[in-house]
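Numbering (my numbering), first residue to last: 171 to 495. Before any comments, here is the structure.
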């Protein structure tokens, strides 16, 4: 290609911007960028940008881009992780599994009874909770809108719509792209149906999330009221309330220290001892602790911290390796 005269303009088809330099950019009308090439370039830029991470979110993104160990796929797979949990701490800490299905049509004959939980094995952020505590007016959304949390009454859990929603999940390629949550892209898409976890009053239990760095739990996040008035609090491992906001209000009054906190911390540390960082999500029920999920990429590396100093504080406990092996 002939070198342009100095000052000649170039249009960039990928971004719509114009450049006023004599050297053409990578993306030009004469050399259209392909999607795969663009993804590689974006990934290369993000690898460069995250090469010296300091904050927690930077280190999550560092891990997302570099850690390719099969163990992370096991953590992310909501069906396969059950065997890992059972081997590490015992089946007693697992929710009962009603079934794991390769085909969405299997849900058409599903009896919801008094409640259950349906979710895809290969992604995060999608679930249908069927329980008597759902709002009477709540209805399942259109299947193509279904990658969200939903909470409906058993009477509103239409089997045909559940199957169509599950079908939309199975068709979704989660975890793809240059800055993706890589582990999910290696999971066989399936549907898992588990028992409904609820308090004696029928409420959805609080979700306690344990941040474990190099085998030691440092912080606990407590989320309450997922389908109602949501609150979120952060505590140290000694149950000191942190003046930290992740975007939701604090609970009022504050929560007392759980009697089983030491057991939950030991459980989380046991599950996370083979990796540099893992968030272990637990549910506390009367006489029972249940593992919800194991998360390597909280919020996809974009967790909000207010004040921002807590982002560095969380990150200070985590030393990422130069290379994951």
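Even glycine gets a Cβ: it sits at the ideal position worked out from N, Cα and C.
Residues bridged to residue i [DSSP beta-bridge criterion]
i: residue 323; result: None; residue 323 has no bridge partner.
i: residue 379; result: 391, 451
i: residue 335; result: DSSP lists no partner for residue 335.
i: residue 286; result: 300, 365
i: residue 415; result: 476
i: residue 401; result: 394
i: residue 465; result: 449
i: residue 269; result: 363
i: residue 498; result: With the chain covering 171 to 495 only, the question about residue 498 has no answer from this structure.
Helix, strand or coil at residue i according to DSSP, with G and I counted as helix
i: residue 301; result: coil
i: residue 255; result: helix
i: residue 201; result: Annotation note: pLDDT 46 at residue 201 (below 50); position unreliable, coordinate value reported separately. Correct three-state label for residue 201: strand.
i: residue 427; result: coil
i: residue 318; result: coil
i: residue 406; result: strand
i: residue 222; result: coil
i: residue 129; result: Lying outside 171 to 495, the shown extent of the chain, residue 129 is not represented and no answer is given.
i: residue 357; result: coil
i: residue 249; result: coil
i: residue 228; result: helix
i: residue 191; result: Because residue 191 carries a pLDDT of 36, less than 50, the predicted location of this residue cannot be relied on, and the following value inherits that uncertainty. In the structure shown, residue 191 sits in coil (DSSP, three-state: anything other than H, G, I, E or B).
i: residue 471; result: helix
i: residue 483; result: helix
i: residue 440; result: helix
i: residue 495; result: coil
i: residue 263; result: helix
i: residue 295; result: coil
i: residue 489; result: coil
i: residue 501; result: There is no way to answer for residue 501, as the model of the chain reaches only from 171 to 495.
i: residue 372; result: coil
Option nearest residue i by Cα separation, candidates the options
i: residue 259; options: 483, 436, 478; result: 436
i: residue 265; options: 381, 275, 252; result: 252
i: residue 284; options: 410, 326, 448, 315; result: 326
i: residue 494; options: 446, 458, 470, 461; result: 446
i: residue 334; options: 316, 236, 345, 351; result: 316
i: residue 249; options: 364, 423, 452; result: 364
i: residue 443; options: 242, 391, 395, 223; result: 242
i: residue 289; options: 303, 271, 306; result: 271
i: residue 230; options: 469, 479, 483; result: 469
i: residue 487; options: 384, 234, 391; result: 384
Nearest-angstrom beta carbon gap, residue j and residue i [assumed within contact, 8 Å]
i: residue 332; j: residue 277; result: 5 Å
i: residue 510; j: residue 448; result: Given that the chain is displayed from residue 171 to residue 495, the structure contains no residue 510 and the question cannot be resolved.
i: residue 356; j: residue 291; result: Not a contact, Cβ separation roughly 12 Å.
i: residue 308; j: residue 322; result: 5 Å
i: residue 301; j: residue 368; result: 6 Å
i: residue 389; j: residue 407; result: 7 Å
i: residue 454; j: residue 376; result: 7 Å
i: residue 466; j: residue 353; result: 6 Å
i: residue 380; j: residue 304; result: Between residue 304 and residue 380 the Cβ distance is about 28 Å, and since that is not below 8 Å, they are no contact.
i: residue 481; j: residue 220; result: Not quite, the Cβ-Cβ distance comes to about 14 Å (not below 8 Å), so this is no contact.
i: residue 274; j: residue 340; result: 6 Å
i: residue 313; j: residue 337; result: 7 Å
i: residue 232; j: residue 223; result: 4 Å
Touching by the beta-carbon criterion (3+ pairs, under 8 Å), the stretch 467-479 and the stretch 412-424: The stretch 467-479 and the stretch 412-424 touch, with no fewer than 3 CB-CB distances between them shorter than 8 Å.
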